[in-house]
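Asker: Top to bottom, those sequences are chains G and Z.
Take 1 as the starting number for the first sequence in our numbering and just add one per residue.
Take 1001 as the starting number for the second sequence in our numbering and just add one per residue.
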Amino acid sequence: MTEPAFSLRTSGRLRRRQLVSRMMGALAFGAALLAVAVLAIVVISVANRGASALSLDFFTKNQAQGFNPSGGGILFAIVGTGVIVGIATLIALPLGVLVAIYISELAPPRLARVARLALDITNGIPTIVIGIFVFTLIVAAHGQSALAGSLALAIIMVPLIARATEEVLLLVPSAQREASLALGVSRWRTTFSVIVPSAMGGVLTGTTLAIARAAGETAPLLFLTSLGASSYADANPLHPLQSMTFAIFIYAEQADPAFQAKAWATAFTLMCFVLVTSLAAKLAMARYRKKLEG
Amino acid sequence: MESSHADKNAVFRRTRGRLDRIGDPALKAVTFAAAAFAVTVLGLITYELVRGSRLAFHRFGLGFLTSQAWDTIHNQFGALSLIFGTVVTAVLAIVIATPLAIAIALFLTELAPKPVRALLGALVEMLAAIPSVVLGLWGILVLGPFVQNQLEPFLGSTLGFLPFFRGPHYTSGILTAVLILTIMVVPIVASVTRELFATVPVELREGALALGATRWEMVRGVLLPAARPGILAAVALGFGRAVGEAIAVSMVIGSQVGIHWSLFAFGDTLASRIAGQYEGASTNLQISSLVYLAAILLVISLAVNIGAQLLIRPIDRRPRRQRIALDRALETQGMSAD
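Following this line, the structure appears as structure tokens:
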């Protein structure tokens, strides 16, 4: 926006008003600078400390025998995160998309509002509470397992996927929908052969964002899949499995600097994954939205 | 591609009648079931937490809320100091974060040169994407020493006459937790506020500027009042996030019960106390007390979130309609609102 062109020479009160305006502008600039600086400091200090401990062994080996700080890697945690988040995605993706289809295509407005509100509220529940919920529901009786962790992450992911999907479903031009219905195509076929395919990009980017978020979660996993998790790569979802976030949490608490180095390296790996995927997903989403909106 | 389309069409035609008869109701039923399930989960969470905390509730009743104890040896548990810690850290974080976030949003919508707006906005949002365990790790090993060696001595020497800035300096403690929470909350409030500012009609801003208002007067007179309820909702959402943060806080707050007025002291919050006890509780009563804590946390977050939703809903609809109307009006004149 351009400032109106004052032909008057500024003086007295006007000059003071403009000074105030400039000062406020400078403060706003300072705030933005501060936020970016904090991001830079966090990213740089994690990268600085983490990158030096990275090696091929770090990604391909397991924790050294007897919780030995030197040597070994975090393969077990990478596999664990992969299994836990993978299963959570398998549960949350279809569920989230179905909920979104119901809300945006089929539900009467009042029910849609209720479902939307429920999703937003679920999204606001602290993740540790969801962890405790799955703990009392399953783990208290059946013991810890990666599957329980996946369930908690799925509860966190469903609202994210559903809301992202709903948003792109609403962007699908109603002309496409109406054209299909006008040709006598039934509603469900319209949904699966016209609407969902043209919203697919949005569904995928929304899911990617949810995966990035879930991979960075620690709190819901603490009570569900942490104790007795082996430090060998294990992919059985019925066993408690380690995760990268939990490994950082444990390593960070050790006094031994060698363990802290591992914490930084794991944090660097996780941060790269989360930031790169969520940034890519956001860029893709922006481009996709522009395409749909035309 | 062509032939597969033709094949598909043939299959469609053959099966259309039969499938269509069940297809529509089936789609409706399946999607409804999914939506009903998503709604039920909320109820199930509430039910499970009530069930799980029953033992502690029978033992301590509402006195749980006013007791400071967390004694695993004598099996005495209470939430008062944790509620205190939760409220203090979340309120301080939101008090620091809100003006910062609004200023960032103003810079992003009003001042930043157009080409860098999207980039800067993305950077601020990236701050929200950093996993909390990574922020916690950074909090103990980088921010903590800075707080202990620079910030706390400085605050102690300048504001030490207040009881809030007294006592020995540690790397962890309430102050470090507040700073970490502030970093987590700023991007949330900033990105919501930015969207709100963007929905304020252009004529209103330009009208104010045309009347001779300076840019700051336009912000104070037009933008902030128009966005106020939305900003309140954004603040509530940020507060909810700060209340529920478990991992990062448990890594930097020192995890001690007791009510201390000094920001330099150790403390604990509801969420971080639960997280800190993951290695197993010794008795059923202790487990039940943890679930009780989770139930309190659920109540706080439900209240905050529903409040925020109520604040957002009405304005959510109004400006969008305004914007669409405005868009249409401008389109007919061959212009675009953006």
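Each residue gets a CB set at the ideal place from its N, CA and C atoms; glycine is no exception.
Go ahead and pull the three-state DSSP assignment for Gly72/G.
Answerer: The sequence position of residue 72/G within the first sequence is 72, counting from 1. Correct three-state label for Gly72/G: strand.
Asker: Leaving out the 5 sequence neighbours to the left and right, which residues in its chain are closer than 6 Å to Leu54/G when beta-carbon positions are compared?
Answerer: As a first step, residue 54/G must be located in the first sequence, where it is residue number 54. Closer than 6 Å at the Cβ level, and outside the excluded window around Leu54/G, lie Ala265.
Asker: So which residues on chain Z does Ile103/G lean against when the C-beta distance must stay under 9 Å?
Answerer: Within the first sequence, the letter at position 103 stands for residue 103/G. Under the 9 Å cutoff, chain Z gives Thr1031, Ala1035.
Asker: Given a cut-off of 8 Å, decide if Ala263/G and Leu1137/Z are closer than it, judged by their beta-carbon atoms.
Answerer: As a first step, residue 1137/Z must be located in the second sequence, where it is residue number 137. As a first step, residue 263/G must be located in the first sequence, where it is residue number 263. Yes, the Cβ-Cβ distance between Leu1137/Z and Ala263/G is below 8 Å.
Asker: Check the Cβ-Cβ distances between Gln176/G and every residue of chain Z, and say whether any is below 8 Å.
Answerer: What you label residue 176/G is simply residue 176 of the first sequence in a count that begins at 1. Judged by the 8 Å Cβ criterion, Gln176/G is not in contact with chain Z.
Asker: Closer than 8 Å between beta carbons: that is the criterion. Which residues of the segment 1122-1149 of chain Z meet it against chain G?
Answerer: Ala1122, Leu1123, Val1124, Glu1125, Met1126, Leu1127, Ala1129, Ile1130, Pro1131, Ser1132, Val1133, Val1134, Leu1135, Gly1136, Leu1137, Trp1138, Ile1140, Leu1141, Val1142
Asker: Please check if any C-beta of chain Z sits within less than 8 Å of the C-beta of Ile91/G.
Answerer: Counting from 1 along the first sequence, the entry for residue 91/G is found at position 91. False, the Cβ-Cβ gap to chain Z never drops below 8 Å.
Asker: Buried or exposed for Lys291/G, going by 16 or more other Cβ atoms inside 10 Å?
Answerer: The sequence position of residue 291/G within the first sequence is 291, counting from 1. In this structure Lys291/G is exposed. Its beta-carbon is surrounded by fewer than 16 other beta-carbon atoms within 10 angstroms.
Asker: Is the segment 1171-1178 of chain Z touching the segment 1141-1156 of chain Z in the sense that three or more CB pairs, one from each, lie closer than 8 Å?
Answerer: Three or more beta-carbon pairs separated by less than 8 Å link the segment 1141-1156 of chain Z to the segment 1171-1178 of chain Z, which places the two stretches in contact.
Asker: Measure the C-alpha to C-alpha separation of Ala199/G and Ala92/G and round it to an integer number of angstroms.
Answerer: Counting from one through the first sequence, the residue named residue 199/G turns up at place 199. Counting from one through the first sequence, the residue named residue 92/G turns up at place 92. Note on geometry: alpha-carbon atoms of Ala199/G and Ala92/G lie some 17 Å from one another.
Asker: Less than 8 Å between the beta carbons of Leu1211/Z and Gly25/G, yes or no?
Answerer: Numbered from its first residue, the second sequence carries residue 1211/Z at position 211. Numbered from its first residue, the first sequence carries residue 25/G at position 25. For Leu1211/Z and Gly25/G, no; Cβs fall outside 8 Å.
Asker: Applying a beta-carbon distance threshold of less than 8 Å, which residues of chain G neighbour Glu1279/Z?
Answerer: The residue given as residue 1279/Z occupies position 279 in the second sequence. Within chain G, the residues near Glu1279/Z are Leu227.
Asker: Do you know how far the Cα of Lys1114/Z is from the Cα of Phe1077/Z?
Answerer: What you label residue 1077/Z is simply residue 77 of the second sequence in a count that begins at 1. What you label residue 1114/Z is simply residue 114 of the second sequence in a count that begins at 1. So the two alpha carbons sit approximately 55 Å from each other.
Asker: Val79/G and Ala233/G look like a contact to me (Cβ under 8 Å); what is the Cβ gap, rounded to whole Å?
Answerer: Within the first sequence, residue 79/G is the residue found at index 79, counting from 1. Within the first sequence, residue 233/G is the residue found at index 233, counting from 1. Contact flag correct, Cβ pair sits at about 4 Å.
Asker: Would you say Pro126/G reaches chain Z, if we count a Cβ-Cβ gap shorter than 8 Å as a contact?
Answerer: Reading the first sequence from its first residue, position 126 is the one you call residue 126/G. By this cut-off, Pro126/G is an interface position.
Asker: Report all residues from its chain with a CB closer than 6 Å to the CB of Gly1156/Z; omit the five preceding and five following residues, and keep chain order.
Answerer: Within the second sequence, residue 1156/Z is the residue found at index 156, counting from 1. Excluding sequence neighbours, Gly1156/Z sits near Phe1165.
Asker: Can you give me the start and stop residues for the alpha helix (DSSP H) that Lys290/G sits inside?
Answerer: By 1-based counting over the first sequence, the position of residue 290/G is 290. Counting along the chain, the alpha helix (DSSP H) containing Lys290/G begins and ends at 257-293.
Asker: Ignoring anything shorter than 4 residues or poking outside the segment 1208-1261 of chain Z, list the alpha helix (DSSP H) runs there in chain order.
Answerer: 1215-1218, 1224-1244, 1247-1252
Asker: For His1058/Z, report the span of its alpha helix (DSSP H) as first-last.
Answerer: The residue labelled residue 1058/Z in the question sits at position 58 within the second sequence. Segment 1054-1060, the alpha helix (DSSP H) holding His1058/Z.
Asker: For Gly216/G, go through chain Z and note every residue whose CB falls closer than 9 Å to its CB, in chain order.
Answerer: Sequence index remark: in the first sequence, residue 216/G carries index 216 (1-based). Listed along the chain, the chain Z residues whose CB falls inside 9 Å of the CB of Gly216/G are Ala1129, Ile1130, Pro1131, Ser1132, Val1133, Val1134.
Asker: Mind checking if Thr1194/Z is an interface residue toward chain G, Cβ cutoff 8 Å exclusive?
Answerer: By one-based count along the second sequence, residue 1194/Z stands at place 194. Strictly speaking, residue 1194/Z in this sequence is Arg, with Thr absent from that position. Not closer than 8 Å to any Cβ of chain G, the Cβ of Arg1194/Z fails to qualify, so no.
Asker: Any idea if Val1257/Z is buried or exposed, counting beta-carbon neighbours within 10 angstroms, 16 or more meaning buried?
Answerer: In the second sequence, the residue the question calls residue 1257/Z occupies position 257. Buried, because 16 or more other Cβ atoms sit within 10 Å of the Cβ of Val1257/Z.
Asker: Specify the secondary structure class of Ser45/G as computed by DSSP and reduced to three states.
Answerer: As a working note, residue 45/G is residue 45 in the first sequence. Three-state result, Ser45/G: helix.
Asker: Against chain Z, does Ile211/G count as a neighbour if the rule is that its beta carbon must be under 8 Å from one of theirs?
Answerer: Here residue 211/G refers to the residue found at position 211 when the first sequence is read from its first residue. So no, Ile211/G is outside the interface.
Asker: Measure from the alpha carbon of Ile1274/Z to the alpha carbon of each residue in Phe223/G, Ser231/G, Lys282/G, then state which is nearest.
Answerer: Sequence index remark: in the second sequence, residue 1274/Z carries index 274 (1-based). Of Phe223/G, Ser231/G, Lys282/G, the residue nearest in Cα terms is Phe223/G.
Asker: Quick one: complete alpha helix (DSSP H) runs, 4+ long, within the segment 92-150 of chain G?
Answerer: Segments of the alpha helix (DSSP H) lying fully in the segment 92-150 of chain G: 109-124, 127-134.
Asker: Whole beta strand (DSSP E) runs in the segment 1103-1157 of chain Z with 3 or more residues, listed along the chain?
Answerer: The segment 1103-1157 of chain Z contains no whole beta strand (DSSP E) run of 3 or more residues.
Asker: Just to check my reading of the structure: Ile248/G and Leu270/G have Cβ atoms closer than 8 Å, yes? What is that Cβ distance to the nearest angstrom?
Answerer: Counting from one through the first sequence, the residue named residue 248/G turns up at place 248. Counting from one through the first sequence, the residue named residue 270/G turns up at place 270. Yes, they are in contact, since the Cβ atoms of Ile248/G and Leu270/G sit about 7 Å apart, within 8 Å.
Asker: Using only CA atoms, which one of Val1200/Z, Asn1284/Z, Arg1228/Z, His1058/Z lies nearest to Leu1311/Z?
Answerer: Here residue 1311/Z refers to the residue found at position 311 when the second sequence is read from its first residue. For the residues Val1200/Z, Asn1284/Z, Arg1228/Z, His1058/Z, the minimum Cα distance to Leu1311/Z belongs to Arg1228/Z.
Asker: Hey, would you say Val1291/Z sits closer than 8 Å to Ser1053/Z, going by beta carbons?
Answerer: As a position in the second sequence, residue 1291/Z is number 291, starting the count at 1. As a position in the second sequence, residue 1053/Z is number 53, starting the count at 1. Yes; because the gap between Cβ atoms is below 8 Å, this pair is in contact.
Asker: Excluding five sequence neighbours on each side, which residues of the same chain lie with their C-beta closer than 7 Å to the C-beta of Val1189/Z?
Answerer: The residue given as residue 1189/Z occupies position 189 in the second sequence. Correct list, in chain order: Ala1097, Thr1098, Ala1101, Ala1234, Val1235, Gly1238.
Asker: Can you give me the Cβ contacts of Gly149/G inside the same chain, cut-off strictly under 6 Å, excluding the 5 residues immediately before and after it?
Answerer: Position 149 of the first sequence, counted from the start, is the residue given in the question as residue 149/G. Cβ neighbours of Gly149/G beyond the five flanking positions: Ile84, Leu221, Leu224, Thr225.
Asker: Indicate the three-state DSSP secondary structure (helix, strand or coil) for Gln18/G in the structure shown.
Answerer: Counting from 1 along the first sequence, the entry for residue 18/G is found at position 18. Correct three-state label for Gln18/G: helix.
Asker: Looking only at its chain, what residues have a beta carbon closer than 6 Å to the beta carbon of Thr122/G, apart from the 5 residues adjacent to it on each side?
Answerer: Translated into positions along the first sequence, residue 122/G becomes position 122. Only Pro159 meet the Cβ criterion.
Asker: Is there a Cβ from chain G that is less than 8 Å from the Cβ of Arg1166/Z?
Answerer: Within the second sequence, numbered from 1, the residue matching residue 1166/Z stands at position 166. Closer than 8 Å: no.
Asker: Should His142/G be labelled buried (16 or more other beta-carbon atoms within 10 Å of its own) or exposed?
Answerer: In the first sequence, counting from the first residue as 1, residue 142/G sits at position 142. Sixteen is the threshold: since fewer than 16 other Cβ atoms of the shown chains lie within 10 Å of the Cβ of His142/G, the residue is exposed.
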